[in-house]
Structure formats: C-alpha cells, structure tokens
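Novice: Here the protein sequences come in this chain order: Y and U.
Numbering-wise, the first sequence is residues 1 to 645 according to UniProt numbering.
Numbering-wise, the second sequence is residues 1 to 645 according to UniProt numbering.
My questions will all concern the structure given below.
There are 2 protein chains.
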Amino acid sequence: MYFPSWLSQLYKGLSRPIRRTTQPIWGSLYRSLVQSPQRRNPEFNSFAVRTNTCGELRSSHLGQEVTLCGWIQYRRQNTFLVLRDFHGLVQVVIPQDESAASVKKILCEAPVESVVRVSGTVISRPAGQENPKMPTGEIEIKVKTAELLNACKKLPFEIKDFMKKTEALRLQYRYLDLRSFQMQYNLRLRSQMVMKMREYLCNLHGFVDIETPTLFKRTPGGAKEFLVPSREPGKFYSLPQSPQQFKQLLMVGGLDRYFQVARCYRDEGSRPDRQPEFTQIDIEMSFVDQTGIQSLIEGLLQYSWPNDKDPVVVPFPTVTFTEALATYGTDKPDTRFGMKIIDISDVFRNTEIGFLQDALSKPHGTVKAICIPEGAKYLKRRDIESIRKFAADHFNQEILPVFLNANRNWNSPVANFIMESQRLELIRLMDTQEEDVVLLTAGEHNKACSLLGKLRLECADLLETRGMVLRDPTLFSFLWVVDFPLFLPKEENPRELESAHHPFTAPHPSDIHLLYTEPQKARSQHYDLVLNGNEIGGGSIRIHNAELQHYILATLLKEDVKMLSHLLQALDYGAPPHGGIALGLDRLICLVTGSPSIRDVIAFPKSFRGHDLMSNAPDSIPPEELKPYHIRVSWPTDSKAERAH
Amino acid sequence: MYFPSWLSQLYKGLSRPIRRTTQPIWGSLYRSLVQSPQRRNPEFNSFAVRTNTCGELRSSHLGQEVTLCGWIQYRRQNTFLVLRDFHGLVQVVIPQDESAASVKKILCEAPVESVVRVSGTVISRPAGQENPKMPTGEIEIKVKTAELLNACKKLPFEIKDFMKKTEALRLQYRYLDLRSFQMQYNLRLRSQMVMKMREYLCNLHGFVDIETPTLFKRTPGGAKEFLVPSREPGKFYSLPQSPQQFKQLLMVGGLDRYFQVARCYRDEGSRPDRQPEFTQIDIEMSFVDQTGIQSLIEGLLQYSWPNDKDPVVVPFPTVTFTEALATYGTDKPDTRFGMKIIDISDVFRNTEIGFLQDALSKPHGTVKAICIPEGAKYLKRRDIESIRKFAADHFNQEILPVFLNANRNWNSPVANFIMESQRLELIRLMDTQEEDVVLLTAGEHNKACSLLGKLRLECADLLETRGMVLRDPTLFSFLWVVDFPLFLPKEENPRELESAHHPFTAPHPSDIHLLYTEPQKARSQHYDLVLNGNEIGGGSIRIHNAELQHYILATLLKEDVKMLSHLLQALDYGAPPHGGIALGLDRLICLVTGSPSIRDVIAFPKSFRGHDLMSNAPDSIPPEELKPYHIRVSWPTDSKAERAH
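And the structure:
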C-alpha cells in the first residue's frame, strides 16, 4: 500500500531526512569490491591494456612497472595529478626533466576528466607526504610514458558535486553522474548482491533460472499495463506487471523450482519514487508451504547480504495483518522503534470527556494512544497543532495530546478532566517517562489505528530532524506480515469483493469454508516481507485446484474467466501445490545502500514523469512509422490546434 | 546475415535433417543436474514437503523412510506405478493388503499425470526384476501413506509423445510440453550455462551486471523496433533491439566492465526461427582491444561449457571476412567439414569452353569449384539438375558438374572439352578422389563464391540425408570472422553508404585514412563469432572520439545526428576507448542442445507469426483502454467491413 508523505508537505523543509551511507565512501567501495574471505577476488585487469587499477596500488607494489588507465581527477601546480578509475585514486608525479617534455605536455594540458594512459614505476611518497586517508596514500607513480586517450570538454559541473546538483541535471548527464563514488558503489553492490542471490538459488538449492516473455496478453483488470501494438490490426501485446501466470504455468510444467530476476512494467503515470519498469526477484516452487517459502527467503537474504553490513539474523519475526494494524496502524510496520499503539479503552470506561464517551458507546469504539518519547522536549506547540489539524482534515478524528508534566498541557483543554487514577493507569499501560507526550484518539478501531500509525511515523521523522536518534541507521529490521484478508470490498462498490492481492492467492486452510458463507472474512495464505517499514516482498501459496479457482474468479470476483481459460485448463491437468514470492529489488537495494530514492540504484532511471531526460524518451514518431501497427494518434482538441500553428 | 533455406523447399521432404541430442536423455538430464566435481551439488529437497526427488533414489537409500511428490507416469495392473518428477522416475509398489485399502484406492484410481504424495520405505526390487536402464532401477518404494494432491483430466495426448506432435499443439499446451524430458533438459542446461557465464564474468573477472532500460527512445533507422504508446499524446517509447547505446554510456560513466543477460526486441513480422523478444549475453569493457574481447569470450565459453559435452578448445581459429567469402562463400562458415571453394581460374586460362572463356575475359572474372566427396555415389541426376536450375534461377550462373569417372559425365556436354592436362591439374588442386564430383562455376568473384557457398551447405545436407556422415554431431566448431567492411552500399541506392553493422563501429586502425578518401574500402574492427555455420555473436571496438563519430554519422551516413546528440555529447566528456560483444543466447543454447529450433530452448516462445498460442496474445483491446494512450486503431478498409457484420 502507498501513503503520501503528508506531513512532509505540511512542514516545508522538514521532509523525512535523507539517510546516506554512513561509512566513508572509500572504505565501503573498497570493501564492496572485495569478496568474502573464502572467495577468490575478481581479476579486474584481465584482457585489458592496463596492468593495475588505480585504486589497488599499495606499498607491496613498490618498484613494479605498471600501466594505468583513468580519468584526471585533479592536477596540482603541474607537478602531480590524481588519476581515478572505478577502484579509487592514485597520485601520479608529472616528470619535470627536459627529456620528458612530451609526457609533461600531455599531462599538464589535458583537461580534468580527460582519459589518459600512463606507464611508470610505483615509488614511495617522500617522507611526510603520505596520505593515510587515501588507500593508495603511501605510494605514487613515477611516469615514463603517457598517452591522452580522449580529451574532456568543459563539464557542466564537477563530478564530485554531482550529488548536490538537481536531480534533473544528474539524469540529463547520467553518464557523468555514474562516475560518482556513490553511484559506483550502489550499482556494484547491486550486482554483487544479485549474484549471491543467484548462487544461493541456483547452485545451493537447485532453482532454475527461466526467462518468461514480456510481450504477453492483457490480464483481466490489467489497467496499469503498457500496450504494444502488433502488426495485426487491433491486436496488442501487453507488458506484464509480473510473471505471475508464467511462473504458475512452469509449476504445472514440472519445473519445480523457478526463479528469475524479472523485468516488470507498470504504467501508473506520474508517481514519485516509482519506475515504469522495475525488477523483481521472482520465485516459485512446488510442494511447499508458507513456512518453506519464508525459510527460503530468510536464507536468501542472509546469504546475499553485503559483507560491509551487520549480518542478517534469522528467522525474522512474524505478525499477523490484524496485529500489525492494531499495533502499528499499517500492514508494513517500521519495527526499528517502539511508539506502539496501545488500546487504552479500559482506562476511560467512566470518563467524563465527551468525545471519548461518544466513541466508547459505539459498537467498535475504542480509545487508542501512542507515546512520543521526550515529545515535551522535541515537539513544538505548532507541531501539535498541525497534528490535530491533519487528524481532523484527513480522518475526521480528534487527537488529544496528554503531557505528563501538567504545566505543559497547553492546547489540551480536556486534559483537566483526566483523573489522577486514569493518569497513573495511563503511565503504567504506556510505560511513559517524565518528558513523554501521549497522543490519544478515539473512534472505530481501524480508523484510530490508521491515524495513529501515520502519526507514529511522522513524529519519528520529526523527532529525528530535531536531533533525536530514534532509528539506528545500521539496523535492518525485517518482519513477516501474514494472515491478510483474502478479499476486500471494492472501493467503488463496497458490496462487491476484489482480491486483496491477486485472484490466484490460496485461502487460509482454516477459512476455506468461509468462501461459501462469509467470503469477506476469509484470510489468505499471502505473506508480505517488510524491511524498516517498507514492503520489499510479497507472495502466497497459490490455488492449485481448478474448481476452487473457477469459483473464486467467476462467482466471487465476477471476472471474465475466458481471459484466463488457459490457466484454469492448466490447473486441471495435474497442477502441483505451489507457492512463491517476489522481492522488489530496486527498493531492497535502495534500503541496503541507504539511498534517498530508487533512482539512485538504477543505472538509467526515468524521471517521476516517466521521461528519460538524457535521450528525451518517450518521443514523437512520424505517422508513417505508425502505419504498420494500424494505429493513429488521437490528438486532444487543443493540442491539435497547437500543432496546426 | 540471413539466407532462406531454398533447397529445402526445392526438395520437399529433404529438408536439413533435425539433429537431436544423441545421448540417451536420462543420462544427460542426470548429468546436467550434477555439477562439476569441485562443486557441491544443489539441495533439491530443501524447504519442500518431500524428502527426496523421484530420480535420486539408489541402493544406498535402502531402508530409508522417504516422502516423494510426483506425477503418475503409468500404472501396471494395479500392482505398481511409476512416479515422475523433474529428476527422473521411480517405481512405487501399490499395497495389496486389506489394511491399506484406502492407499490402494488412491493409487489405483488417480488418472495418469495426476500429482500424488507417497510416503514409504526404499526397498530392493525382487531378484531378476531390476531395471539396469533406469537409474533408480535397483529399488522400489513400499508405500505406507498416499495422498492425491491434484487429479488430472484426460490429456489431449501423452506427454512422452509430445515431441512427435505438431508444434502448434505443443505451444498451445506448453505447460504439458514442459514436462517432457527434452524440454526439462534444455531449460535446465540453459540455466546452468548462464549461471556459469555469470560466475566467470562477475566473480572471476570483475564485470558488473547492470540492468538497462527497455522503454527507450527510437533509434535512427530503428524500423524494426516495437512501439509503446505513452500517456502523452503522440509520444512513444521504443523497445530497443539491444542495449548498445546504454552500454557505451556506461563506459563513459566509468563502469569499466559491464555485462547483462539482456532482453532484446525486434519486430520483423513473421519469420521462421526468430522471436520478437530474445536474449543476448551483452558485454562491454573499457581499455581493451579486439584480441582482449576475443580472449574474454573464449574463456567464457570454455568455463561455461556443459560437462556432458567435449571441452571447448581455445583459442578459436580466425579468418578474415575476405577469406571466409573466398573459401566458404559466406561470412559464417560451417567449418566442421571441408568442401572449400577453390579458385581454378589458372587451369582454364586457355580453355575452349565458352562460358569459362567469357568469364575469364572480364576484369574480376574467375573460375571456382567445390568438390563433393563421393558425389558420384550419393548425388542423383535430378540433384544435379536442381542444382543447375537453382544456380541459373537465383544467381544467373552456370554450374558445370565434372565427374572424374568420365562415364558419369551425363548432363555436362562441355566436359568433353576439358583437356587431360586440365583434368589432372584439377585433381591436384582440388585433391579429388575417384568417386568425387566437382561443381564448377565461372563469373565475378563474390557472386561465384556466394553461389558455391550455398551449394556447399545444401550438398552437405543432401549427402547426410543420403547416409554419409559428414559432420560429427558432437563437434562444436568455433570460428572468429574479422576485418569486415565498415560500410556497404545501400541496397536501394548503391551510391550511398550504410553501416555494415552499426554506426558506432570503429574503423580498422590501418584504414582510418580511407574514411576521407575511399570510405567504401575501409575495414572495421567488427568481429563475428561463428559456431557450426551459425553466427552466435558479434561485436566491435567502438568509436570513442566524438569528432570521428560525428563525421561518420553526419557526413558519410547522412543520419540525423540530433537523435544521437546525447551519445555524441557523452563521447566529448572523457569517453574511454572501449569495445564489446553480444552473444545470441537462444541460438547458442539451441546449438549446444542440438535442438531443431530456438523455440525448444525458450520456455514460452511465440509461434513464427508472433503469437502466444497458449494465451492467445496479441489480443484485442477495448477502445476505452486505448484512450489514455491517445491512440486509435486504423482498421484496414476490408477488415472494417468485416467488423460491421
């Protein structure tokens, strides 16, 4: 599920803080290139004209003749320059003697970011000139020959400042942005982590990597699918949102254990931090239950986790959907910190406070609260006001702030009506300390929880922007959420049902009978994997019985089963019980690298409007090239007028 | 390049023989599951409800309690049945005693291809009933419990007969076809070979696996690119034919060593043995020359080659484009057999044979021949007639068959004009034996070579269908073809040039000056990798100089450089020298597995008309779903009339 970051908009300039990799980038990039101790390090210089990378040279190379290729990072007083490649930086001494005039000329005249090849000897830096901050800081290169491989024109900005530039500029010159250490680190970590996932799945557990088509047929209700016109009039392929149907058909085909690093497509128009094409680690296996898939994924993440992070601890904790909603107000709880939602209905059974009385008198009425640690110290009066306004505007709910230090109970006129016994019971239930603030609301269970769930997250962000350390940036907190409802009421017509996830999800074994009596109460065998409050994966045990699948599609969901006749037929020909999962790779790598956006872990991302700012895609197509596809552009009336000019 | 298989059409029923895997499928499937001795075998039963696969049980498992899941392959007289999974077959004894009546009922009543789970003990087969042809043939399972996991309806045909069925039927029921051992073998071999390629590139040589976008901008002249309408009126993405631009931009971005198992798209309409989407092993690296890329690929294929095949011998031989054409009449020679083209012009300098005289009197006139071994024995008179007719119809060329045994020189009226000295010289030059036939033609060099190149292949097929063993089916004959021309005259206007491969190909270092004088004579740094007469890869050293790239695009090729301005600009900002290659994965796996078609190594291929016969894609889309994309279908006039009915 997707929630807009509302409070960020409320507090201009106080948006959720950007968490960057906290380690010095040199160190982590270097470690990311080095594999675990049992593995041989990759050979970066094979087949190339260089003998060494710039970043690998150490005192142990002293006296060696080396050939290096790299970009000129900077030059100092025509005496030396620093050469850079993906591996690091190295200092090159520019020869000053007459006999080396041509080498000097090349190295002194080449603009910054030009590409050069130099050959020479690894020597010690003069005593006192070592740079302990630089991995190659003990040595430098005494150059014998140099060649300008390609000159660089004046850059639109310096590479090292790239991260500071607007994102539009970074995307326009993506090939320059990619030279930054942060992008090098992100893309290399991504490649290595995916490689380790493949080793785990393919080499250790016998999964088969199978490529499935992306030119497919529209799926029922696939309104977010891109279309690809074919050369047959009126016939279109669709770019699927996931290989769901194919992976189930592979199970029917006896391909037992399937995985794919799958390209998926979703046309959602403009949406921040989403991409029209994205990648998922797509997995399906036969003869497995929910705990089997969970163990598989725990092992997968543990095995592929980067060496420069704390190891992943398994098994991951599990909560049910119902518990998650009650405790965190969301189905993707951030469990790195407390501030859980507490039901305090019992404290106020005999309250004189009107809106609490009202709420508790109703059938599903509750009183709920969260405790903001040191809120009295960190939250300002206008924060509280904004919170109350948000609750009123978006949830039509009252929020009552309760300060334990009675002197601070500004803006809480009803606080005086809280009796001492209630105050003490509140302190006990919520485990509050002197400077904490309790945010209290009353109303229908789900609504109250949802509101407090949002306030919990936004207050955490607020506290952190004010300097509190609430979430350890090195902590990765995984959580399984299980026992989701199988169906939800349709938004546009709440008397009809739609699948909470997708129509192939199997019902919970204990709830199958409910399908025929109260289907809206049936739980599913769907599971979500949550990391630090982000849904990074989801999957389910699937329906393998054709009759049950037909009943759910036709009778409960009122779908056109003709479009899925091939799948229904396949289930009838000896489909094994099966289940699977898909992990969102872009989001996962984004969290692992601590990047502010998934665009920072994708080599050539689209802008939030779906544009490639470098090449200017999508682009206009001459009408004659549309002809073979039997389509014409329907110009909107005003834009037609515009074109006529 | 693509040549239609003309002679197959000429000889109905005599098409190129289908080469299947020659090893017994059981053995090779089993070997494909076992990794090399240094590696741990994958654990196929982790996370699953079974304890063992059907195919893995041996005498060493005797007495073990096992749980197996699989499909009922067949049942004999209600006494035992054979259970199958991806790994193999195992015999299950159906209990006959009264107390196991329910187990017996399940196992006797479940239709063939139903999925069952059985638990029981591994026991020896009774003496004399072992089956040495079956890897599990020494044991059987004494069942204690059984569960019908899913029943199978009556199949449209038996799984084991699938390969014999029409391809349309196989594609319609692809999920059943996938259960065949041949498809299991092909897809598992593909997965393992790709995995080993990744290990080689990523773990051994420091390549970074980077995903590039498939929603991109139309490339100049990209007439074969599928279009994807966007939500902006008149703006379209294109599905690119390869990540060419992106991989070069990655080099500019300092990502040194890139690879990707890349999905590519090409809309060629209906064409046999091509797919609208296909996969290539896409590689690019900086600071490398042609020999570097060649060594990299030789190592890659050697490392990833399946264990059940003869090892790959490196380095691969290299021929120039000019040599390949002169010797084999094609740029993708099948070097598994001889029958090379020999220039015999000198033999006929003083001939009295008219058409040879004519040919040799012209500036580029030559006389060429190939020798068909034992042709006098294997070729029939009508074969020779068809060959001559083909040469006349398609090349406007005479073909003169010369039999060394003079009595057989039917249909060769001019043969009498060949003098004895010429005959002896011919025998010497062509190294002919008593029963060989020489096919001789005269004319312009390229044309004569092309014709003989085609006849060479078609005669080889003919000889093989007649029983001669010409090409060892276990032989994999790799060949590099280099020094291609950089440009070719445009077909529609031979006075203009087009790129022989693509406009980013660097010229041969010795030929750069020719670009400004006689560009049509310049050779390129393009290289093709050929396997058994199939082009399985191609690549080049690229242009890294913006000025040279601009000159070639704008001045020589007259392309609209605006569409590539981002690439030209990138070259100006310190682009390193770089080069790369792409291997066609589908074709490679097809050759390795000896499959008749690439559709046999793809899980869900399209038919040759681009249809998914299982799901019926592409499909019609309701007009309201086209609206967000601002397109309308232009119905052809007659089909509109049809719709009106």
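Don't be surprised by glycine CBs; every beta carbon is placed ideally from N, CA and C.
The structure presented is a predicted model; accordingly, all values stated were derived computationally and were not measured.
Would U/Pro135 and U/Gly55 be called neighbours here (beta carbons separated by less than 8 Å)?
Specialist: Pairing U/Pro135 with U/Gly55 gives a Cβ-Cβ distance under 8 Å.
Novice: Does the beta-carbon of U/Asp177 have 16 or more other beta-carbons within 10 angstroms, so that it is buried, or is it exposed?
Specialist: buried
Novice: What residue range is occupied by the uninterrupted alpha helix (DSSP H) comprising U/Asn186?
Specialist: 181 to 198
Novice: Tell me, please, whether the CB atom of Y/Met285 is closer than 8 Å to any CB atom in chain U?
Specialist: yes
Novice: Is Y/Ile141 near Y/Val82, with beta carbons less than 8 Å apart?
Specialist: no
Novice: Determine the direct distance from the alpha carbon of Y/Arg263 to that of Y/Thr22, and round the result to whole angstroms.
Specialist: Per-residue confidence for Y/Thr22 stands at a pLDDT of 35, beneath the threshold of 50, marking its modelled position as unreliable; no derived number is given.
Novice: Where do the ends of the alpha helix (DSSP H) carrying U/Ser304 lie?
Specialist: 290 to 304
Novice: Residues of chain Y with a CB under 9 Å from the CB of U/Pro315: which are they?
Specialist: Neighbours of U/Pro315 on chain Y: none; closest Cβ ~13 Å, over 9 Å.
Novice: Quick check on Y/Glu43 - is its C-beta less than 8 Å from some C-beta in chain U?
Specialist: yes
Novice: With a threshold of 16 other CB atoms inside 10 Å of the CB of U/Thr79, please say whether the residue is buried or exposed.
Specialist: exposed
Novice: Is the Cβ of U/His630 closer than 8 Å to any Cβ of chain Y?
Specialist: yes
Novice: In the DSSP assignment, what residue or residues form a beta bridge with Y/Tyr573?
Specialist: U/Cys152
Novice: Mapping the DSSP letters down to three states, classify U/Pro623 as helix, strand or coil.
Specialist: helix
Novice: Is there a C-beta anywhere in chain U that falls below 8 Å from the one on Y/His502?
Specialist: no
Novice: Given a cut-off of 8 Å, decide if Y/Lys153 and U/Tyr573 are closer than it, judged by their beta-carbon atoms.
Specialist: Taking 8 Å as the cut-off, the Cβ atoms of U/Tyr573 and Y/Lys153 count as close.
Novice: Taking Cβ-Cβ distances below 7 Å as the criterion, which residues of the stretch 194 to 220 of chain Y are in contact with chain U?
Specialist: Val194, Met195, Arg198, Cys202, Asn203, Leu204, His205, Gly206, Val208, Asp209, Ile210, Glu211, Thr212, Pro213, Thr214, Leu215, Phe216, Lys217, Arg218
Novice: Compare the beta carbon distance of Y/Val208 and U/Ser191 with 8 Å and say whether it is the shorter of the two.
Specialist: yes
Novice: Would you please state the rounded distance, in angstroms, between the beta carbons of Y/Arg542 and Y/Gln248? I believe it to be under 8 Å.
Specialist: 6 Å
Novice: Pick helix, strand or coil for Y/Ser124, following the three-state DSSP scheme.
Specialist: strand
Novice: Is there at least one Cβ from chain U nearer than 8 Å to Y/Arg382's Cβ?
Specialist: Closer than 8 Å: no.
Novice: Using the rule of at least 16 other Cβ atoms within 10 Å of the residue's Cβ for burial, across every protein chain shown, is U/Phe417 buried or exposed?
Specialist: exposed
Novice: From what residue to what residue does the beta strand (DSSP E) around U/Thr318 run?
Specialist: 318 to 320
Novice: Going by C-alpha to C-alpha distance, which of Y/Ala376, Y/Pro363, Y/Pro489, Y/Met339 sits closest to Y/Lys454?
Specialist: Y/Met339
Novice: Taking Cβ-Cβ distances below 7 Å as the criterion, which residues of the stretch 250 to 266 of chain Y are in contact with chain U?
Specialist: Leu250, Val252, Gly253, Gly254, Leu255, Asp256, Arg263
Novice: Any idea if U/Ile631 is buried or exposed, counting beta-carbon neighbours within 10 angstroms, 16 or more meaning buried?
Specialist: buried
Novice: Assuming contact is defined by CB atoms lying nearer than 8 Å, are U/Asp273 and U/Ser597 in contact in what I supplied?
Specialist: Taking 8 Å as the Cβ cut-off, U/Asp273 and U/Ser597 qualify as a contacting pair.
Novice: Compute the Euclidean distance between the alpha carbons of U/Trp305 and U/Glu277, then round it to the nearest angstrom.
Specialist: 24 Å
Novice: Would you say U/Trp635 lies against chain Y (beta-carbon separation less than 8 Å)?
Specialist: yes
Novice: Using a Cβ-Cβ cut-off of 8 Å (strictly less than) and excluding sequence neighbours within five positions of U/Tyr74, which residues of its own chain qualify?
Specialist: Leu81, Val82, Val112
Novice: Candidates U/Ile281, U/Phe484, U/Gly206: which alpha carbon is nearest U/Ala500's?
Specialist: U/Phe484
Novice: Are there 16 or more other CB atoms within 10 angstroms of the CB of Y/Pro622, so buried, or fewer, so exposed?
Specialist: With fewer than 16 other Cβ atoms within 10 Å, it is exposed.
Novice: Could you run through the stretch 542 to 567 of chain U and flag, in chain order, every residue whose CB is less than 8 Å away from some CB of chain Y?
Specialist: His544, Asn545, His566
Novice: Please report how far the alpha carbon of U/Tyr378 lies from the alpha carbon of U/Thr593, in whole angstroms.
Specialist: A straight line joining the alpha-carbon of U/Tyr378 with that of U/Thr593 spans about 29 Å.
Novice: Would you say residue 647 of chain Y lies against chain U (beta-carbon separation less than 8 Å)?
Specialist: Outside the modelled stretch of chain Y, which goes from 1 to 645, sits residue 647 of chain Y, for which no answer is possible.
Novice: Does the beta carbon of U/Trp410 come closer than 8 Å to any beta carbon on chain Y?
Specialist: Note on U/Trp410: pLDDT 49, under 50, position unreliable in the model; the coordinate value appears next. No, U/Trp410 does not count as interfacial toward chain Y.
Novice: Closer than 9 Å, Cβ to any Cβ of chain U: which residues of the stretch 570 to 581 of chain Y, in chain order?
Specialist: Ala570, Leu571, Asp572, Tyr573, Gly574, Ala575, Pro576, Pro577
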